[in-house]
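What follows is a set of notes on a single structure, which appears directly below.
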Amino acid sequence: MSHNHAPNKPDILGKRLLLAILRAIMKAIQMKPKRLSDWLSLAARLFLAVVFLYASVDKILHPAEFAKAVYLYQILPGSLINLAALILPWLELVLGLCLAAGIWLPGAVLWSNALLGTFFAALVFNVIRGLNIHCGCFSTSIDPAGAWLMTWYLFRDASFLLAGGYLMVYLFWIPQLSEDATGDGEGSSSG
Amino acid sequence: MYRFRTELIFKTFLQAAVLALIAVAAALAFNNFRAQSLPLIADWSPEARLKTATGDSLVLSAEQAWEFHLAREALFVDARSPQLYTEGHIAGALNVPWQDVDQYLDSFFKKVTDRKAIIIAYCDGESCSLSEDLALELRDMGYSNVKVILNGLTVWKTRGYPIETGAYREP
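Protein chains in written order, with this note's numbering: chain A, 1 to 191; chain B, 192 to 362.
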């Protein structure tokens, strides 16, 4: 079966290449997942990165429409509406990039939770006072939103907060190593 | 056992501040260089939003609207949903729900042939923007005398002006 060797070689090469690429991606996102919590935080990070990046694009392209959505929330004073509508999407973009690339995670995660918490609070506030709003979260088009849609928004925003909260805990609370293993500080891989 | 990493706090806030600065700089730069930049501070009061390009306001006070109603000089248009319309609307008002406006515009054109007719759109609540949207749409369609009563139905009711329930009736 010696004639099989030649066709096999590219396969092995391909496998090596794939592994190298995977390793490079892991290195690029600065993670060396070892424990379950590492994998979970990686998933939460990428999930939030996609959410923020997706959310920012349409709003960056259509600031006037997004400003209208902010106005319809009836929370910010009129003079702050345009500033918020201009800056918020860019902050989301920057946060999305940081989360995806794994750079400046403590700062990015703090901002993510601050934003997600604010969005959630604004949504809850408007549900309580009975204002039906299209959230303007991902698309700037404004349609009258039904009650079930508001419920869906609440659940969805809550899931974002859950991911953000998990990352916060993962970054800021590290397992206390036992005395004999405190040598090299390998316990955290936060970057 | 878990330990809170107090040594990260300063770094975290420093990073957060720099990230915010980056976002602000990018936002202002992008807005400055794009074709249709947004003014950084705008007047979002309903009156200001309803100023037309010529500078005249679309907003009508309830008293002015009532005078038109008495003189039967204006057509009132309810921009809310058919359900809310049946529950109570300004006497003689036509229902053109903004949510399905395309379905209603054809019959509206047939009914209101005079493009100079005085049309007064309204909905309900301080923040309701349906009447504004409808008014601006009707203007775009060529009706030149479109007005809006802000917080229409509530104001109308509190002054004791006539309300009707049920389907549309010829005034």
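All C-beta atoms in this analysis are idealised placements derived from N, C-alpha and C, irrespective of residue type, glycine included. What you are looking at is a predicted structure, and each value in this text was computed from that prediction instead of being measured.
contact_flag[the region 98-106 of chain A, the region 58-75 of chain A] where n(CB pairs < 8 Å) is 3 or more: no
task: Please state whether DSSP places Ala308(B) in a helix, a strand or coil.
output: coil
query: Got a sec, what are the start and stop residues for the beta strand (DSSP E) Ala256(B) sits in?
result: It is not in any beta strand (DSSP E) - Ala256(B) instead sits in the alpha helix (DSSP H) that spans Ala253 to Leu261.
message: Could you check whether Glu92(A) and Phe52(A) sit closer than 7 Å to each other, using their CB atoms as the reference points?
response: yes
- prompt: What is the residue span of the beta strand (DSSP E) that Pro288(B) lies within?
  reply: Segment: none, Pro288(B) is in no beta strand (DSSP E) and carries neither H nor E.
Any chain B beta carbon closer than 7 Å to Ala43(A): no
- prompt: Does any C-beta atom of chain B lie closer than 7 Å to the C-beta of Leu48(A)?
  reply: no
message: If we define contact as Cβ-Cβ less than 7 Å, is Tyr222(B) a contact residue for chain A?
response: In the sequence on display, residue 222(B) carries Asn and not Tyr. Answer yes: the Cβ-Cβ gap between Asn222(B) and chain A drops below 7 Å somewhere.
field: Range of the contiguous alpha helix (DSSP H) that encloses Arg194(B)
entry: Careful: Arg194(B) lies outside any alpha helix (DSSP H), inside the beta strand (DSSP E) at Tyr193 to Phe195.
- request: With 7 Å as the threshold, decide whether the Cβ of Phe195(B) is near any Cβ in chain A.
  value: yes
Pro33(A): first and last residue of the uninterrupted beta strand (DSSP E) it sits in: Where Pro33(A) is concerned, there is no enclosing beta strand (DSSP E), given that its DSSP letter is neither H nor E.
- prompt: Does DSSP put Pro175(A) in a helix, in a strand, or in coil?
  reply: strand
query: Applying the criterion that 16 or more other CB atoms from any shown protein chain within 10 Å of the CB defines a buried residue, is Ser236(B) buried or exposed?
result: exposed
field: Where Pro273(B) meets chain A, residues with beta-carbon distance less than 9 Å
entry: Correct list: empty, because the minimum Cβ distance to chain A is about 13 Å.
message: Counting only beta-carbon separations shorter than 7 Å, does Ser56(A) have a partner in chain B?
response: no
message: Give me the residue from Leu261(B), Glu264(B), Leu251(B) and Val303(B) with the minimum Cα distance to Glu323(B).
response: Leu251(B)
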